[in-house]
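Chemist:
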Amino acid sequence: KLRIGVLASGRGSNLQAIMDQCAAGQLPAEVVVVISDKPGAYALERAKGAGIAAYSVVYKDFASKAEYEQAIVRLLEQYQVQLVCLAGYMRLVGEPLLQAFPNRIMNIHPALLPSFPGLHGQRDALNYGVKISGCTVHFVDEGMDTGPIILQAAVPVLDDDTEETLAARILEQEHKLYPAAIKLFAEGRLEIQGRRVLVKDKE
Ligand code: GAR
3 KLRIGVLASG
13 RGSNLQAIMD
23 QCAAGQLPAE
33 VVVVISDKPG
43 AYALERAKGA
53 GIAAYSVVYK
63 DFASKAEYEQ
73 AIVRLLEQYQ
83 VQLVCLAGYM
93 RLVGEPLLQA
103 FPNRIMNIHP
113 ALLPSFPGLH
123 GQRDALNYGV
133 KISGCTVHFV
143 DEGMDTGPII
153 LQAAVPVLDD
163 DTEETLAARI
173 LEQEHKLYPA
183 AIKLFAEGRL
193 EIQGRRVLVK
203 DKE
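Residue 3 is where the sequence shown starts when you use the UniProt record's numbering, and the numbers rise one by one after that.
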């Protein structure tokens with residue numbers, strides 16, 4: 003089984019979707035550790051509730067971003083993590099994590115990248131006036147939401163949408179898309195060719 007480490011800053015509904023799929027035997031994977039930069043994150047409670055190791059690693063407790071990330075890397079290595087999943091982790095990933103897990107960090111973003119990267123994907127899409135938005139699972143590189151795209155799902159933007167209603171419609175898709183991307187990774191079916199991620203057939 004693929005050993006997953008999840009980094010989350012908040013509510014953790016994507017973490018929950020991943021844990022649920024693992025528990026249901028739908029994913030040949032298990033979440034072995036959850037780390038948050040926010041000690042009060044509900045994601046940590048969800049992990050503990052499922053009997054999964056949960057840690058907070060607080061940025062300002064460290065002298066530099068590098069040392070902060072090194073502490074996270076040490077934890078991930080201690081739990082022999084093979085894939086790192088960012089699930090509502092609201093920080094830019096730096097060199098220590100990228101070097102420790104090359105092509106082994108995934109993120110989910112609530113917009114159809116490369117449109118609307120950053121912290122407010124849903125709000126930015128709504129304000130721009132697009133008629134279709136959605137979510138993207140991608141491998142993480144040094145940029146902000148710029149890494150190779152693995153899967154995307156689209157949803158309509160409706161005339162009476164608010165940021166909240168659009169976010170909820172996208173979130174429903176996120177909870178399916180993230181486990182699907184992890185499943186492909188766990189099955190060894192993702193092949194990165196430059197910017198493109200190709201999905202190989204099942205053996
Ligand atoms: C999700 O919508 C995720 O796509 C988004 O934060 C939310 C986290 O929800 N991530 C970003 O905006 C990353 N820039 P969750 O904590 O319930 O999974």
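Think of the CB as a built atom: it goes at the ideal place given N, C-alpha and C, for glycine as much as any other residue.
Small disclaimer: the values here were computed from a predicted structure and weren't measured.
1. Can you find a heavy atom of the ligand GAR that lies under 7 Å from the Cβ of CYS87?
2. Go ahead and pull the three-state DSSP assignment for THR138.
3. In this structure, does DSSP put LEU168 in helix, strand or coil?
4. Answer yes or no: the CB of GLY123 versus the heavy atoms of the ligand PLP, is any distance below 7 Å?
5. Evaluate contact between the region 103-113 and the region 126-144, counting only Cβ atoms and requiring at least three cross-stretch pairs below 8 Å.
6. Verify whether the separation of the beta carbon atoms of MET92 and LEU114 is less than 8 Å.
7. Beta-carbon within less than 7 Å of ALA31's beta-carbon, same chain only, minus the 5 sequence neighbours each way: which residues are those?
8. Taking DSSP as the reference, what is the three-state secondary structure of ALA113?
9. Can you round the beta-carbon distance between HIS111 and ASP147 to whole angstroms, since I take them to be within the 8 Å contact cut?
10. Return helix, strand or coil for SER11, following the three-state DSSP convention.
11. Helix, strand or coil for PRO158 per DSSP?
12. Apart from the five residues on each side of it in sequence, which residues of its chain come closer than 6 Å, Cβ to Cβ, to VAL83?
13. Just the Cα atoms here: how many angstroms apart are PHE118 and GLY51?
14. Within the continuous alpha helix (DSSP H) that includes VAL75, where are the two ends?
15. Could you tell me which of GLU79, PRO116 and GLY90 sits nearest to LEU99, measuring between CA atoms?
16. Mind checking THR138: buried by the 16 CB within 10 Å criterion, or exposed?
17. Could you give the C-beta distance for residue 209 and ALA156, rounded to a whole number, given that I count them as a contact under 8 Å?
18. Measure the C-alpha to C-alpha separation of VAL33 and ILE54 and round it to an integer number of angstroms.
Modeler: Short version:
1. Position 85 of the sequence shown holds residue 87. No, Cβ of CYS87 sits at least 7 Å from all heavy atoms of the ligand GAR.
2. For the purposes of this step, residue 138 is identified with residue 136 of the sequence shown, where counting begins at 1. Three-state DSSP puts THR138 in a strand.
3. Translated into positions along the sequence shown, residue 168 becomes position 166. Looking at LEU168 - three-state DSSP - the assignment turns out to be helix.
4. For the ligand PLP, the structure offers nothing, since it holds only the ligand GAR.
5. yes
6. Position 90 of the sequence shown, counting from 1, holds the residue named residue 92. Position 112 of the sequence shown, counting from 1, holds the residue named residue 114. It is not a contact, given that the beta carbons lie outside the stated cut-off.
7. Numbered from 1 along the sequence shown, position 29 holds the residue referred to as residue 31. LYS3, LEU4, ILE6, CYS24, ILE184 and ALA188, listed in sequence order.
8. In the sequence shown, the residue the question calls residue 113 occupies position 111. Here ALA113 sits in coil by DSSP.
9. In the sequence shown, residue 111 corresponds to position 109, counting from 1. In the sequence shown, residue 147 corresponds to position 145, counting from 1. Going by Cβ atoms, the distance from HIS111 to ASP147 rounds to 5 Å, so yes, they are a contact pair.
10. For the purposes of this step, residue 11 is identified with residue 9 of the sequence shown, where counting begins at 1. In this structure, SER11 counts as coil in the three-state DSSP scheme.
11. Residue mapping note: residue 158 aligns to position 156 of the sequence shown, counting from 1. PRO158 falls in the strand class under three-state DSSP.
12. For the purposes of this step, residue 83 is identified with residue 81 of the sequence shown, where counting begins at 1. Hits under 6 Å: ARG5 and GLY7.
13. On the sequence shown, position 116 is the one that residue 118 refers to. On the sequence shown, position 49 is the one that residue 51 refers to. PHE118 and GLY51: Cα-Cα distance of roughly 34 Å.
14. Residue 75 sits at position 73 when you count from the first residue of the sequence shown. 67-80 is the span of the alpha helix (DSSP H), which, as asked, contains VAL75.
15. Counted from its first residue, the sequence shown places residue 99 at position 97. Among GLU79, PRO116 and GLY90, the Cα nearest to that of LEU99 is on GLU79.
16. Here the question's residue 138 lines up with position 136 in the sequence shown. So THR138 ends up on the buried side.
17. No statement about residue 209 is possible, as the shown extent of the chain runs from 3 to 205 and does not include it.
18. Numbered from 1 along the sequence shown, position 31 holds the residue referred to as residue 33. Numbered from 1 along the sequence shown, position 52 holds the residue referred to as residue 54. For VAL33 and ILE54, the distance between alpha carbons rounds to 7 Å.
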